[in-house]
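Asker:
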Amino acid sequence: MGADNAGRLQTLDAIQAEIWRQLEAATGDTTHPWRTPVLATINGHLADARTVVLREVDARDRRFMIYTDERAAKVAQLLSHPVGTLVMWSQTLGWQLRCRVHLAVEMSGLAASSRWARIKLSPAAQDYLSPLPPGTVIDAPAPTPGHKAVARDYFSIITARLLSLDWLELNEQGHRRARFDGSQGSWLQP
Ligand SMILES: Cc1cc2nc3c(=O)[nH]c(=O)nc-3n(C[C@H](O)[C@H](O)[C@H](O)COP(=O)(O)O)c2cc1C
Numbered sequence: 001m002g003a004d005n006a007g008r009l010q011t012l013d014a015i016q017a018e019i020w021r022q023l024e025a026a027t028g029d030t031t032h033p034w035r036t037p038v039l040a041t042i043n044g045h046l047a048d049a050r051t052v053v054l055r056e057v058d059a060r061d062r063r064f065m066i067y068t069d070e071r072a073a074k075v076a077q078l079l080s081h082p083v084g085t086l087v088m089w090s091q092t093l094g095w096q097l098r099c100r101v102h103l104a105v106e107m108s109g110l111a112a113s114s115r116w117a118r119i120k121l122s123p124a125a126q127d128y129l130s131p132l133p134p135g136t137v138i139d140a141p142a143p144t145p146g147h148k149a150v151a152r153d154y155f156s157i158i159t160a161r162l163l164s165l166d167w168l169e170l171n172e173q174g175h176r177r178a179r180f181d182g183s184q185g186s187w188l189q190p
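Each residue of the sequence shown is one higher than the one before, starting from 1 at the first, in my numbering.
1. Taking 7 Å as the cut-off, does the CB of Ala-73 come closer than this to any heavy atom belonging to ligand 1?
2. Would the beta-carbon of Leu-54 fall within 8 Å of that of Leu-78?
3. If you measure between the beta carbons of Leu-170 and Asp-153, is that distance less than 8 Å?
4. Between which residues of its own chain and Gln-184 is the CB-CB distance below 8 Å, once the five residues before and five after are set aside?
5. Please report the distance separating the alpha-carbon of Leu-162 from that of Gln-22.
6. Distance cutoff 8 Å, beta carbons only. Does Met-88 sit that close to anything in chain C?
7. Between the alpha carbons of Leu-39 and Val-57, how many angstroms are there, rounded?
8. Let me check one thing: in DSSP terms, what residues is Tyr-67 bridge-paired to?
9. Would you call the stretch 5-17 in contact with the stretch 64-83, where contact means no fewer than 3 C-beta pairs closer than 8 Å?
10. Can Arg-71 and Pro-141 be called in contact, C-beta distance under 8 Å?
11. Since Ile-119 is in the alpha helix (DSSP H), which residue starts that stretch and which ends it?
12. Straight-line CA distance for Ser-122 to Trp-116?
13. Note down the Cα distance separating Ala-125 from His-32, rounded to an integer number of angstroms.
14. Measuring CA to CA, which of Ile-157, Ile-138, Gln-173 is closest to Ala-111?
15. Is the beta carbon of Ile-66 within less than 7 Å of some heavy atom of ligand 1?
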């Protein structure tokens with residue numbers, strides 16, 4: 001259905017639907033390569049980029065959620081320049097996505113507090129409890145901290161709202177590329 005004899009989806013609508021299906025699947029599948037995209041941001045006159053975990057995907061609102069420490073450099077960067085790009089590649093699909101996004105951070109409020117309530121008793125909570133901000137110069141790596149009382153948490157949510165999506169398919173039958181702005185799609189020369 002909607003696929004050619006090489007098994008490829010034919011229409012822009014079918015491709016877009018499959019992109020969102022894969023993105024939603026990636027959040028719940030630790031082996032899906034799209035679960036760990038690279039998030040690029042603007043750092044003054046420089047580019048910056050790092051791997052993050054795609055925690056939630058809302059296909060209807062075209063939004064992604066990433067968790068982070070509110071003191072991380074990427075948070076200061078997105079507060080100055082609230083735009084970025086999420087890049088992901090799947091060898092299995094042969095698909096690269098470049099998602100141009102508007103970025104916002106939520107440090108308190110219901111969205112952050114309800115998610116923090118879920119993870120604060122898990123080992124992952126340590127990622128958001130360090131007394132030292134990420135990137136602080138230290139004498140030596142500290143041993144893994146146990147559960148101990150800390151002054152506060154630094155858990156925050158980065159929301160990435162999709163502005164446009166650049167899809168590239170590498171395939172021996174011929175590469176294909178398309179851009180999706182809103183619900184509109186256009187084919188592009190790869
Ligand atoms: C597989 C992987 C997943 C990661 N996931 C996250 C994440 O979800 N959130 C995060 O803040 N950092 C994550 N990191 C760490 C970042 O890549 C980065 O080193 C750290 O956040 C500091 O980045 P910054 O100084 O640009 O803020 C991850 C790193 C790896 C290797």
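Even for Gly, the Cβ is constructed at its ideal location relative to N, Cα and C.
Answerer: Reading it off the structure:
1. yes
2. no
3. no
4. none
5. 16 Å
6. The chain inventory of the structure shown lacks chain C, comprising one protein chain alone.
7. 15 Å
8. Looking at the DSSP assignment, Tyr-67 forms a beta bridge with Ile-157.
9. Contact fails: fewer than three Cβ-Cβ distances are below 8 Å.
10. no
11. 110-119 is the extent of the alpha helix (DSSP H) around Ile-119.
12. Their backbone Cα atoms lie some 10 Å apart in a straight line.
13. 23 Å
14. Among Ile-157, Ile-138, Gln-173, the Cα nearest to that of Ala-111 belongs to Ile-157.
15. yes
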